[in-house]
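See structure below.
There are 2 protein chains.
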Amino acid sequence: METKGKFKTDIEIARESEMLPITEIAAKIGLGPDDLEMYGKHKAKLSFDCLAKLETKESGKVILVTAINPTPAGEGKSTVTVGLADALNKVGKKAMIAMREPSLGPTMGIKGGAAGGGYAQVLPMDEINLHFTGDLHAITTANNALAALIDNHLQQGNELQIDARRIVWKRALDLNDRALRKVVVGLGGPIQGVPREDGFDITVASEIMAVLCLASSLQDLKSRLSRMVIAYNMEKKPVTVGDLGVEGALALLLKDAVKPNLVQTIERTPALVHGGPFANIAHGCNSVMATKAASRLADFVVTEAGFGADLGAEKFLNIKTRDAGFEPAAVVIVATIRALKMHGGLAKNELAVENIPALKAGFANLKKHAETIAGFGLPFVIAVNKFITDTDLETKTLLDLCEAESIPASLTEVWEKGGAGGVELAGKLLGVMDAPSSFRRTYDLSDSLEQKIEAVARQVYGASGVDFAPKAKKQLADFEQNGWGVLPVCMAKTQYSLSDDPVKLGRPSGFAITVRELKPSIGAGFIVVLTGEVMTMPGLPKRPAALNMDVDEDGNAIGLF
Amino acid sequence: METKGKFKTDIEIARESEMLPITEIAAKIGLGPDDLEMYGKHKAKLSFDCLAKLETKESGKVILVTAINPTPAGEGKSTVTVGLADALNKVGKKAMIAMREPSLGPTMGIKGGAAGGGYAQVLPMDEINLHFTGDLHAITTANNALAALIDNHLQQGNELQIDARRIVWKRALDLNDRALRKVVVGLGGPIQGVPREDGFDITVASEIMAVLCLASSLQDLKSRLSRMVIAYNMEKKPVTVGDLGVEGALALLLKDAVKPNLVQTIERTPALVHGGPFANIAHGCNSVMATKAASRLADFVVTEAGFGADLGAEKFLNIKTRDAGFEPAAVVIVATIRALKMHGGLAKNELAVENIPALKAGFANLKKHAETIAGFGLPFVIAVNKFITDTDLETKTLLDLCEAESIPASLTEVWEKGGAGGVELAGKLLGVMDAPSSFRRTYDLSDSLEQKIEAVARQVYGASGVDFAPKAKKQLADFEQNGWGVLPVCMAKTQYSLSDDPVKLGRPSGFAITVRELKPSIGAGFIVVLTGEVMTMPGLPKRPAALNMDVDEDGNAIGLF
Chain A
1 METKGKFKTD IEIARESEML PITEIAAKIG LGPDDLEMYG KHKAKLSFDC
51 LAKLETKESG KVILVTAINP TPAGEGKSTV TVGLADALNK VGKKAMIAMR
101 EPSLGPTMGI KGGAAGGGYA QVLPMDEINL HFTGDLHAIT TANNALAALI
151 DNHLQQGNEL QIDARRIVWK RALDLNDRAL RKVVVGLGGP IQGVPREDGF
201 DITVASEIMA VLCLASSLQD LKSRLSRMVI AYNMEKKPVT VGDLGVEGAL
251 ALLLKDAVKP NLVQTIERTP ALVHGGPFAN IAHGCNSVMA TKAASRLADF
301 VVTEAGFGAD LGAEKFLNIK TRDAGFEPAA VVIVATIRAL KMHGGLAKNE
351 LAVENIPALK AGFANLKKHA ETIAGFGLPF VIAVNKFITD TDLETKTLLD
401 LCEAESIPAS LTEVWEKGGA GGVELAGKLL GVMDAPSSFR RTYDLSDSLE
451 QKIEAVARQV YGASGVDFAP KAKKQLADFE QNGWGVLPVC MAKTQYSLSD
501 DPVKLGRPSG FAITVRELKP SIGAGFIVVL TGEVMTMPGL PKRPAALNMD
551 VDEDGNAIGL F
Chain B
1 METKGKFKTD IEIARESEML PITEIAAKIG LGPDDLEMYG KHKAKLSFDC
51 LAKLETKESG KVILVTAINP TPAGEGKSTV TVGLADALNK VGKKAMIAMR
101 EPSLGPTMGI KGGAAGGGYA QVLPMDEINL HFTGDLHAIT TANNALAALI
151 DNHLQQGNEL QIDARRIVWK RALDLNDRAL RKVVVGLGGP IQGVPREDGF
201 DITVASEIMA VLCLASSLQD LKSRLSRMVI AYNMEKKPVT VGDLGVEGAL
251 ALLLKDAVKP NLVQTIERTP ALVHGGPFAN IAHGCNSVMA TKAASRLADF
301 VVTEAGFGAD LGAEKFLNIK TRDAGFEPAA VVIVATIRAL KMHGGLAKNE
351 LAVENIPALK AGFANLKKHA ETIAGFGLPF VIAVNKFITD TDLETKTLLD
401 LCEAESIPAS LTEVWEKGGA GGVELAGKLL GVMDAPSSFR RTYDLSDSLE
451 QKIEAVARQV YGASGVDFAP KAKKQLADFE QNGWGVLPVC MAKTQYSLSD
501 DPVKLGRPSG FAITVRELKP SIGAGFIVVL TGEVMTMPGL PKRPAALNMD
551 VDEDGNAIGL F
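Pasting the structure below:
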């Protein structure tokens, strides 16, 4: 994301940073050895006893970090999340982080690591980017155990009369593996199972990931697992995990994965890094249990949501906070000058040169997201995440544009300077939080699914309306009849544009959103609304990052950056 | 395996047992906090520093626990392994265990747990049977990352000219999932990959499991990974992981999995539980790194090998100890009266009634395995693992049969009594180890593959000879030409019979072994010799054990037994 070469890489910075034993980090927030389940010296899970103890404590303020529509130029949302928490601690506040844990698939593919960057990282960066505490492996296992149990049910007499053509539960791996997108399973004759079409998603796209991230407890997790729709029977009625009777086994497989993971930043800010669902077919936020635990352990919790504010923040506000029963205190919208210039019409290779007109044009994207957050009734600050190629004039222009619109904004340099680079942002944020806020959501749960979709499209995307494809129309009726109309909607839209067309950057207008299909995620507790093709199993590039990875004789990771 | 009902179940006994913190167990064998990487309070990995430190220490005696040919009646080899080590400690010796870690697939299917039984268990039984320290998940991930990289190579131009019809690397999951045995991947059009036939093995059947278990260090692991054959090119030459250039990434994924896991028995004997390859298409023993580390930490290491002595012990002695460069001190052969009665011709439902003629007939199976171990020049003792339905006359008859053949034997009651039930066995074992031994293997590495196979078939199985199918004959020539003739052979034969016909119980004679096909496991360092169909992906039964599994509100496992 950030320029390498003259700067140290993330893994170099990470390795030079001396971590405290996680027991000492825990002690800073009042947790003792019995509150922790250790995974090595620098990672720990919060025990069920600890989580139960926290339930009764008063809650601190939750600050959401979101962003403009992402571009290939990068915005650095996780980096700002980490740096802002470090900065809040630097100015004497008691702050923690609650953020998503990375998926291994993209790490092996293009991205390298995903735990912040520069001097605003969570550590141990290598462990967090590899197996961490095994949460994703547990989800993969539960996902595929369920798939095996479904196919076994077909093979052993199909008592539930599952229609093998209408099994909606897919298999999953935490890898980028395009060859598994569409497969045929059960080949080889009668003792090898029932042949049928199937496919694999990347693990973070499994409904179990969304379920784990929205569960309020182990028991709630089990109830949600039980409600997941796995197939339709010969009468086209939904068949659930509860019908199969295996929610107990799945919950058993997930009993440790559901506990939040405690780690630290380079500046030793405590961070709960836990869960990481897709931000299109799911809600894109770390676990409710992590956010809630953090809010009981600190006065300020900095958390993030996936993609831009049109997807991540909308779902954080309309799905996660509603389900979990809390209200955020403020929002930070991350933007970079490079990304705004792309929204203003430049190509990626034109970004290194100063271009004020493009910046001014691209500002429209940021302005729309600011309006959206204001529409939720929440105080907010723009974080202009500094990049090496930004010119002084560009920076001044952007800050002036914000000021002209009375939008509070601050230049942040947390990538280069850690918390010290976010002190001004922290100050402005504390300032805007003094004003009284009046949080309101985009729709009520009592609205119909159609009304909910319309509300998000118009208010959050700026669309002129919504077109429903024939299949979606029929599903709207079916879903209301199944009793699913009371659920919130989870919009699966391209992250690159406010519209459903990824090439319409900036602030498009006069567009309608086309809803192609709906998908029930009843365990998670939302209806996924598909507005286009969503890739739920990425592929690897021609030269995967894996080719550069290695491990030295002492067990140190090489090639994660 | 053992009668439930009037007795407590394994999980009940396990939960009633109070564990010591693993740091205290470690302290008993001279290890400090820096030698350990904690996974909760009761599991730890030995650090690379610790392993390096142990390299120079003197080695204790290694005792192998093996068994007669297994039957559905059960033998309790793991139970005796645990109980014997407990007993050795009880009589004042310093003993440890090195044993395999269980696979999750069978746990979800039929078996329930696999960490010993009764009062001879390793703890925490529930954790060990679920995700443990994530070793199997890391192997699954590495296995499937490699598969994804191979398919990506095909998709991105196929520089290595891999023949998509001759890719021998399969995908893997640690589940029983018959529908994945034979699949077609890469469907859906040109951007979804190259369509081809594929299949999934259970993770313990992955060559990476065998590689991890035979590796002497992280660097050796990487070298072995590099040598694994993944496919053949258009000229039918083998293509390896090294050709693809991803051994570093795979080693990185396995850097923690390669470290042995320290746990404790109910009687607080230290146990390294690490690795668990198949005992047919692989060598069926826990990791070399665990066995070696244990032998430097204790005066006696009790270890085990899969299935009966014809498979497990043969491979332990001809593959593992040769590769790792050590000699065992003694062998224990486990038998039960029930299983011998099945070898004597009874059906499973006839075992509860006293039947001396059947026992006498079935003794032939035990006698053959005793002869085999004697043929290796090793001292041994028979462990008659007591079962509730055994009559006094049956027990006396079996011990008399042994005595008549001058075979040392001891009744063990470790399931019911823990170490106290194995004191007599421990005493006899210490006695036979006093005599000088002259260990010799079945074949030399300089023998041809054909000679090696013949030697095992005649000396270990008692076969009259070996028939090679035409395909195998051609492969023998090809493999010798590839330079693979210097490797040991890893026989994949039914575990139920000394012959390659699973219904020939007891001690069959006058049979030939048919070799159907060979398979190179060049990373592991052996040639797999297939004598029949080997199931490398189990299926689930009509009522999987998963249906009884659950987790209570405090996170305790239910239904693992």
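Chains as they are written, first to last, in full-length UniProt numbering: chain A, 1 to 561; chain B, 1 to 561. The beta-carbon is built from N, C-alpha and C at its ideal position, and this holds for glycine as well.
Contact set for residue i: own chain, Cβ-Cβ below 8 Å, skip 5 residues either direction
i, result
"leucine 518 of chain B", "Leu449, Ala472, Gln475, Leu476, Phe479, Ile527, Val528, Val529, Leu530"
"residue 577 of chain B", "In this structure chain B extends from 1 to 561, so residue 577 of chain B is not present and cannot be described."
"lysine 53 of chain A", "Asp35"
"glutamine 264 of chain A", "Met19, Leu20, Ile22, Ile25, His42, Val122, Leu123, Pro270, Ala271"
Residue i, enclosing alpha helix (DSSP H) - first and last residue
i, result
"asparagine 143 of chain B", "135 to 155"
"glycine 248 of chain A", "247 to 253"
"serine 223 of chain B", "218 to 227"
"alanine 372 of chain B", "Looking at the sequence itself, residue 372 of chain B is threonine, so the reference to alanine does not match. Threonine 372 of chain B -> alpha helix (DSSP H) spans 356 to 375."
"glutamate 24 of chain B", "22 to 28"
"isoleucine 453 of chain B", "449 to 455"
Other residues of its chain near residue i: CB distance less than 7 Å, five sequence neighbours each side excluded
i, result
"valine 258 of chain B", "Leu212, Ala215, Leu218, Leu221, Met289"
"proline 544 of chain B", "Met108, Gly109"
"leucine 498 of chain A", "Asn69, Asp310, Lys368, Tyr461, Gly462, Arg507, Pro508"
"threonine 3 of chain B", "With a pLDDT of only 43 at threonine 3 of chain B, under 50, the local geometry of the prediction cannot be trusted, and the value read off the model is given with reservation. Result list for threonine 3 of chain B: Ile388, in chain order."
"asparagine 355 of chain A", "Lys341, Leu346"
"alanine 546 of chain B", "Met108"
"lysine 396 of chain B", "none"
"lysine 28 of chain A", "Pro270"
Neighbourhood of residue i by C-beta distance below 6 Å, restricted to the same chain and skipping five residues each side
i, result
"valine 534 of chain A", "Asn280, Ile281, Ala492"
"valine 185 of chain B", "Asp198"
"asparagine 143 of chain A", "Ala172, Ser206, Ile208"
"alanine 352 of chain A", "Thr389"
Contacts that residue i makes with chain C (C-beta to C-beta distance below 8 Å)
i, result
"aspartate 151 of chain B", "Here chain C cannot be found, since the structure's protein chains are A and B."
Cβ-heavy atom distance, residue i to the ligand COA, below 7 Å
i, result
"leucine 272 of chain B", "For the ligand COA, the structure offers nothing, since it holds no ligand at all."
Residue range of the unbroken beta strand (DSSP E) whose run includes residue i
i, result
"methionine 491 of chain B", "489 to 492"
"leucine 123 of chain A", "120 to 123"
"aspartate 467 of chain A", "465 to 468"
"lysine 519 of chain B", "517 to 521"
Report task. Taking a Cβ distance cut-off of 8 Å, strictly less, list which residues of the segment 247 to 278 of chain A are near chain B, in chain order. Result -> Gly248, Ala249, Ala251, Leu252, Leu253, Lys255, Asp256
Query - Runs of alpha helix (DSSP H) wholly within the segment 269 to 341 of chain A (minimum 4 residues, chain order) - result: Annotation: the segment 269 to 341 of chain A contains the following complete segments of the alpha helix (DSSP H) (minimum length 4 residues), in chain order: 288 to 297, 321 to 324.
Report task. Scan the segment 163 to 184 of chain A for residues whose Cβ lies nearer than 9 Å to a Cβ of chain B and list them as they occur along the chain. Result -> Arg171, Leu173, Asp174, Leu175, Asn176, Asp177, Arg178, Ala179, Leu180, Arg181, Lys182, Val183, Val184
Query raised in the report: Any contact of the segment 195 to 210 of chain A with the segment 134 to 142 of chain A, i.e. 3+ C-beta pairs under 8 Å?
Result: yes
Query raised in the report: What residues in the segment 122 to 145 of chain B have a beta carbon less than 8 Å from any beta carbon of chain A?
Result: Leu130, His131, Gly134, His137, Ala138, Thr140, Thr141, Asn144, Ala145
**Report entry** Members of the segment 213 to 224 of chain B near chain A, C-beta cut-off 7 Å
**Finding:** Leu218, Gln219
Query raised in the report: Are the segment 292 to 299 of chain B and the segment 262 to 280 of chain B touching, with three or more C-beta to C-beta distances below 8 Å?
Result: Contact between the segment 292 to 299 of chain B and the segment 262 to 280 of chain B is established, with three or more Cβ pairs separated by less than 8 Å.
Query raised in the report: Looking at C-beta atoms only, is the number of pairs between the segment 223 to 239 of chain B and the segment 80 to 96 of chain B that lie closer than 8 Å three or more?
Result: Flag = no, the segment 223 to 239 of chain B and the segment 80 to 96 of chain B do not touch.
**Report entry** Interfacial residues, the segment 307 to 335 of chain B to chain A, with Cβ spacing under 7 Å
**Finding:** none
Report task. At 3 residues or longer, and completely inside the segment 31 to 108 of chain B: list those beta strand (DSSP E) runs for me, N to C. Result -> 36 to 38, 44 to 46, 61 to 67, 95 to 99
Query raised in the report: In chain order, which alpha helix (DSSP H) runs of at least 4 residues are fully inside the segment 156 to 222 of chain A?
Result: 207 to 214
Query raised in the report: Touch check for the segment 35 to 48 of chain B and the segment 38 to 49 of chain A: three-plus C-beta pairs under 8 Å?
Result: yes
Query raised in the report: Should the segment 71 to 91 of chain B be called in touch with the segment 422 to 431 of chain B, which here means at least 3 C-beta pairs below 8 Å?
Result: yes
**Report entry** Selection of the segment 290 to 304 of chain B by Cβ proximity to chain A, strictly under 9 Å
**Finding:** none
Query raised in the report: Between the segment 544 to 556 of chain A and chain B, which residues of the former have CB atoms less than 7 Å from a CB of the latter, in chain order?
Result: If the cut-off is 7 Å between Cβ atoms, the segment 544 to 556 of chain A has Pro544, Ala546, Leu547, Met549, Asp550, Val551, Glu553, Asp554, Gly555 near chain B.
Report task. Scan the segment 97 to 120 of chain B for residues whose Cβ lies nearer than 7 Å to a Cβ of chain A and list them as they occur along the chain. Result -> Leu104, Met108
Query - Where the segment 39 to 55 of chain A meets chain B: residues whose CB sits under 8 Å from a CB there - result: Tyr39, Gly40, Lys41, Phe48
Query raised in the report: Taking one C-beta from the segment 153 to 169 of chain B and one from the segment 147 to 162 of chain A each time, how about it: are there three or more such pairs within less than 8 Å?
Result: no
Query raised in the report: Taking any Cβ of chain B, which residues in the segment 16 to 37 of chain A have a Cβ under 7 Å from it, in chain order?
Result: Glu37
**Report entry** Residues of the segment 83 to 95 of chain A whose Cβ lies closer than 9 Å to any Cβ of chain B, in chain order
**Finding:** none
Requested in this report: Tell me, please, whether the segment 372 to 387 of chain B touches the segment 429 to 437 of chain B by the rule of three or more beta-carbon pairs shorter than 8 Å.
Outcome: yes
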